[in-house]
Amino acid sequence: MSLLNSLFTGVSGLRTHQTMMDVIGNNIANVNSLGYKGSRVSFADTFSQFQRYGTNPTETNGGTNTFQLGLGVQVSSIDRDWSQGTMENTGISTDLGLQGNGMFIVQKDGQRFYSRAGNFSFDSNGTLVNSQNGAEVLGKMANAVGILPSGNSLTKIQIDPNMKLPASATTTVKWGGNLSSASSLTGSENFIESGNINSALAVNGTATENNTIYDSNGNSYNFATTYTKTGADAYDLSYTLKDSTGATVLSSATPIAVTFDPATGKMSTMNGATPAAINLTDSGKGINFNFNPSAVTQTANNSTVSSSVDAGRTPTAVTGTLTVFDSLGNSHTLTMKYTKSAANSWNWSASLPSGSGTLTGNSGSMTFNSDGSINSISPNPPTLTYTPTGGAASQNISLDFGTGFTGITQMSSTSAITPLSQNGMASASLLNVNVDQNGKVVGVFSNGETKDLAQVMLANFNNLNGLTSAGDNMYQVSANSGEPSINEAGEASRTSIQSGALEQSNVDLSEEFTRMIVSQRGFQANARTITVSDSLLQEITNLVR
Numbered sequence: 231m232s233l234l235n236s237l238f239t240g241v242s243g244l245r246t247h248q249t250m251m252d253v254i255g256n257n258i259a260n261v262n263s264l265g266y267k268g269s270r271v272s273f274a275d276t277f278s279q280f281q282r283y284g285t286n287p288t289e290t291n292g293g294t295n296t297f298q299l300g301l302g303v304q305v306s307s308i309d310r311d312w313s314q315g316t317m318e319n320t321g322i323s324t325d326l327g328l329q330g331n332g333m334f335i336v337q338k339d340g341q342r343f344y345s346r347a348g349n350f351s352f353d354s355n356g357t358l359v360n361s362q363n364g365a366e367v368l369g370k371m372a373n374a375v376g377i378l379p380s381g382n383s384l385t386k387i388q389i390d391p392n393m394k395l396p397a398s399a400t401t402t403v404k405w406g407g408n409l410s411s412a413s414s415l416t417g418s419e420n421f422i423e424s425g426n427i428n429s430a431l432a433v434n435g436t437a438t439e440n441n442t443i444y445d446s447n448g449n450s451y452n453f454a455t456t457y458t459k460t461g462a463d464a465y466d467l468s469y470t471l472k473d474s475t476g477a478t479v480l481s482s483a484t485p486i487a488v489t490f491d492p493a494t495g496k497m498s499t500m501n502g503a504t505p506a507a508i509n510l511t512d513s514g515k516g517i518n519f520n521f522n523p524s525a526v527t528q529t530a531n532n533s534t535v536s537s538s539v540d541a542g543r544t545p546t547a548v549t550g551t552l553t554v555f556d557s558l559g560n561s562h563t564l565t566m567k568y569t570k571s572a573a574n575s576w577n578w579s580a581s582l583p584s585g586s587g588t589l590t591g592n593s594g595s596m597t598f599n600s601d602g603s604i605n606s607i608s609p610n611p612p613t614l615t616y617t618p619t620g621g622a623a624s625q626n627i628s629l630d631f632g633t634g635f636t637g638i639t640q641m642s643s644t645s646a647i648t649p650l651s652q653n654g655m656a657s658a659s660l661l662n663v664n665v666d667q668n669g670k671v672v673g674v675f676s677n678g679e680t681k682d683l684a685q686v687m688l689a690n691f692n693n694l695n696g697l698t699s700a701g702d703n704m705y706q707v708s709a710n711s712g713e714p715s716i717n718e719a720g721e722a723s724r725t726s727i728q729s730g731a732l733e734q735s736n737v738d739l740s741e742e743f744t745r746m747i748v749s750q751r752g753f754q755a756n757a758r759t760i761t762v763s764d765s766l767l768q769e770i771t772n773l774v775r
């Protein structure tokens, strides 16, 4: 009877090692299956037959051990190796690889599955699916403004490939940078005329001269003077100040009577008094400068009347530009100009190209503290009212210059002003989608804007080995896997998503080939047990001859 036991024991060894080969063969076959997790076989002995029971020790004899005869081997478990597979970069944004123990959640024919294979693509309906079997990827869809819902309620991820972003008008602009405290004043302060008038000039003959001056807002004007000879050594001096359109802003109400000393050629009187500077002002336009012609002479030399404005210094004008959008999505270039009106005081003004529409409330001022921080802004808050041409709605644009040391400052460093942020945009079409490490599906639009469209969610299980394979690199929940915990990628799921990459099989061929050798030798040894037992039985049979 014991020889028959050895036969059946050898058969059990053949069966278990055949199972081991089946698992090894399946691992090797799936060495290139996406996200595949290799399996391993564990053996255990079966029940043992008692040959003799042990006894307790006595005062005169020691105890004896139990004799048991093993009846073979059995497969105790087939477990999966859930270690991380290597990542292969594909460059396809919808190819997703998982780093961690999370699993994608997919749905096919109304049934939910779980997978590590992330070879996804969008079908003709814009649904994100597994490209090999059409299973729909589940997650959360964002609302119209790109906000993802809370919770873990799942739906299929479906994105309209013809999605468009509507145009929105610019309503806020935040500015930052620095206005140099060392900047000179913007408005012209001194217009000094010099040179010579030819004494041979005929009566009613004229000598003219002109130059450019600036107001405190950086606008340019042409200041022209005319000397008309009325008699020997006598002239009428008149002046006009015209803006860039040619309109007269200031002029001499009556000519100024000017006389020259015939002996020295120097100017001797202005309206009968000692020559002196004339203050010309227009507070509404920010014009305030002194006109001083007292250095002009009259000699026999040629007429060479000339002028110098503020010793040739460059008036301060710091500009910054940005593109703003109207309600139809048309873009317009808004230019902000900052000009210094006094120590720690600046004016600001906004302008748009002609033909873009009308702009009101487009000027004001700001002052700074002695430490360079903003002291006050006028008006506060600054708001532009813009009425575009072309049928777009009127809009208010709020300007945020900052507070304290945030936004615009006045330090000794170079002047540089730039827009920090703004809203508003032109209408745009969806160009591409990207997936970040948290599984958010981000739409990239033709105007450069991005928007959250959806989020791929992940499932975690207490016992991954409890899942059952359903083929196509998919798994199903079983009694011992536990219910899935649905979370977004990241800290909650302890899993990150890598876009443009796929997780490969974690099968190690060198390890599988080694196991194959072990399985082969185990099978051969058990086969030898059967052949030897058969030989012994043959000898017993031969005893009756």
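Here the sequence shown is numbered in the numbering used here, starting from 231 and rising by one per residue. Even glycine gets a Cβ: it sits at the ideal position worked out from N, Cα and C. As the structure is a computational prediction, the values presented were derived from the model and not from experiment.
Item, Value
"How many angstroms separate the CA atom of residue 253 from the CA atom of residue 651?", "60 Å"
"Measuring alpha carbon to alpha carbon, tell me which residue in 706, 342, 473 is nearest residue 453.", "473"
"Give me, in chain order, the residues of the same chain whose beta-carbon lies closer than 6 Å to that of residue 662; leave out the 5 immediate sequence neighbours on both sides.", "674"
"Are the stretch 361 to 368 and the stretch 329 to 343 touching, with three or more C-beta to C-beta distances below 8 Å?", "yes"
"State the DSSP-derived secondary structure class of residue 716, mapped to helix, strand or coil.", "strand"
"Under the assumption that residue 339 contacts residue 303 (Cβ atoms under 8 Å), give the Cβ distance between them as a whole number of angstroms.", "Going by Cβ atoms, the distance from residue 339 to residue 303 rounds to 41 Å, so no, they are not a contact pair."
"First and last residue of the beta strand (DSSP E) that includes residue 468?", "464 to 472"
"How would you write the range of the alpha helix (DSSP H) that residue 761 sits in, first residue to last?", "739 to 772"
"Do you know offhand how far residue 231's Cα is from residue 239's?", "Legend: pLDDT at residue 231 = 47, less than 50; position of this residue unreliable, no value from coordinates given."
"Leaving aside the five residues before and after residue 618 along the sequence, list all residues of the same chain whose C-beta is less than 6 Å from its C-beta, in chain order.", "556, 587"
"Below 6 Å CB to CB, which residues in the same chain sit around residue 571 once its five sequence neighbours on both sides are set aside?", "446, 577"
"Quick check: the stretch 636 to 649 against the stretch 590 to 604, are at least 3 beta-carbon pairs closer than 8 Å?", "yes"
"Leaving aside the five residues before and after residue 612 along the sequence, list all residues of the same chain whose C-beta is less than 6 Å from its C-beta, in chain order.", "594, 629"
"Classify residue 238 as helix, strand or coil using the three-state DSSP reduction.", "helix"
"Can at least three beta-carbon pairs, one atom from the stretch 424 to 437 and one from the stretch 455 to 468, be found at a separation below 8 Å?", "yes"
"Leaving out the 5 sequence neighbours to the left and right, which residues in its chain are closer than 8 Å to residue 426 when beta-carbon positions are compared?", "495, 526, 527, 528, 529, 531, 532, 533, 534, 535"
"Could you tell me whether the stretch 243 to 251 touches the stretch 753 to 769, using the rule of 3 or more Cβ pairs below 8 Å?", "yes"
"Taking the beta carbon of residue 394 as the centre, do at least 16 other beta carbons fall within 10 Å, making it buried, or is it exposed?", "exposed"
"Taking all protein chains shown into account, decide if residue 346 is buried (16 or more other Cβ within 10 angstroms of its Cβ) or exposed.", "buried"
"At 3 residues or longer, and completely inside the stretch 622 to 666: list those beta strand (DSSP E) runs for me, N to C.", "625 to 630, 646 to 652, 658 to 665"
"For residue 475, which of 488, 481, 449, 463 has the nearest alpha-carbon?", "449"
"Starting from the N-terminal side, write out each stretch of the beta strand (DSSP E) that is 3 residues or longer and does not extend beyond the stretch 402 to 488.", "402 to 408, 420 to 428, 436 to 444, 450 to 461, 464 to 472, 478 to 481"
"Check the C-beta distance from residue 719 over to residue 697 and give it rounded, since I have them as a contact under 8 Å.", "Actually they are not in contact, since the Cβ atoms of residue 719 and residue 697 sit about 19 Å apart, beyond 8 Å."
"By DSSP's criteria, residue 369 is part of a beta bridge. Which residues make up the other side?", "385, 686"
"Rounded to the nearest angstrom, what separates residue 326 and residue 731 at their Cα positions?", "6 Å"
"Could you pull out every residue in the same chain whose Cβ sits closer than 6 Å to the Cβ of residue 500, ignoring the five residues on either side in sequence?", "486, 488"
"Would you mind sorting residue 455 into buried or exposed? The rule is 16 or more other CB atoms within 10 Å of its CB.", "buried"
"Could you round the C-beta distance between residue 308 and residue 269 to whole angstroms and report it? I think they count as a contact, below 8 Å.", "6 Å"
"Taking only three categories from DSSP, how would you classify residue 300?", "strand"
"Under 8 Å Cβ to Cβ from residue 582, same chain only, skipping five residues before and after it: list those, please.", "562, 563, 564, 565, 589, 616"
"In three-state terms, what does DSSP make of residue 727?", "strand"
"Out of curiosity, what's the CA-to-CA distance linking residue 627 and residue 420?", "37 Å"
"Are residue 558 and residue 622 touching if we call contact CB-CB under 8 Å?", "yes"
"Quick one: Cα of residue 418 to Cα of residue 544, how far?", "10 Å"
"Could you have a look at residue 732 and say whether DSSP puts it in helix, strand or coil?", "strand"
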